Amino acid sequence: SERDALTSQRDALSDQASALRGSLDESHGQLATSQDALAALQGDYDSLQDKKHEVDERLRNAGAAKEGTEGELASVREALNGANGELGAIRSLLEQTEGELVSVRTALAGAEEGGR
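Under the working numbering, think of the first position of the sequence shown as 167, with each following residue one higher.
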């Protein structure tokens, strides 16, 4: 009868609707899981960005420290070169003084010989 056919059709449609609702609920669950995973990945990305900025800052600081150290080394080199120059001058004066002492000794020895 027509009523049985309509009832059968209604039941089939009801079963289809239930299946679609189940599929929709499953899709919503998968979407929520994907959103959670995306949020976790975004958190990881943000954390990595923070670490990258920290490393970049450390590199900048290390570069500045290196430049400062190189400047200090250049100053030390200049000071050493100056000290070497002064030592050379002192060495020349010592050699000159030694020569003068030899002359004085020679003159003293001559005076002693002449005094005898």
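Every residue gets a Cβ at the ideal spot worked out from N, C-alpha and C, and that includes glycine.
Since the structure is predicted, the reported quantities are computational estimates derived from the model, not experimental observations.
Straight-line CA distance for residue i to residue j?
{"i": "Arg257", "j": "Ala275", "result": "26 Å"}
{"i": "Leu239", "j": "Ala245", "result": "10 Å"}
{"i": "Ala205", "j": "Val242", "result": "55 Å"}
{"i": "Glu223", "j": "Gly234", "result": "16 Å"}
{"i": "Arg176", "j": "Gln201", "result": "36 Å"}
{"i": "Gly251", "j": "Val221", "result": "44 Å"}
Completely contained beta strand (DSSP E) runs for the segment 169-234, where each covers 3 or more residues: none
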